[in-house]
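For the sequence shown, the UniProt record's numbering puts the final residue at 67, and the numbers step up evenly by one.
We put the beta carbon where it would ideally sit given N, CA and C, even for glycine.
What you are looking at is a predicted structure, and each value in this text was computed from that prediction instead of being measured.
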Amino acid sequence: MKSSIKIPNMKGPDDVKKIKKAIACNEGVIACEISKEKGEVNIVYDTYFIQLDDIIASIEDFGYTVL
1 MKSSIKIPNM KGPDDVKKIK KAIACNEGVI ACEISKEKGE VNIVYDTYFI
51 QLDDIIASIE DFGYTVL
């Protein structure tokens, strides 16, 4: 499954690293592409292992707002 989410409070390279870490710690995530300029994250994941809501929750646990 491929999903795209918006993270408006992503500002610099440190934010990108933290968000990538938050996403990567989930089993079932295959790939992610982060565009700091667009405030957008594209995620490819296996729904057998994880759902989008779980990925969003892990990003929000790091203090980011997901739209």
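At least 7 Å separates the beta-carbon of Asn26 from that of Tyr64. A residue is called buried once 16 or more other Cβ atoms fall within 10 Å of its Cβ, and Tyr48, having fewer, is exposed. DSSP places Glu60 in the uninterrupted alpha helix (DSSP H) bounded by Leu52 to Asp61.
Cβ atoms of Ile19 and Val44 stay farther apart than 8 Å, at about 15 Å.
In the three-state reduction of the DSSP assignment, Val44 falls in the strand class, which pools E and B.
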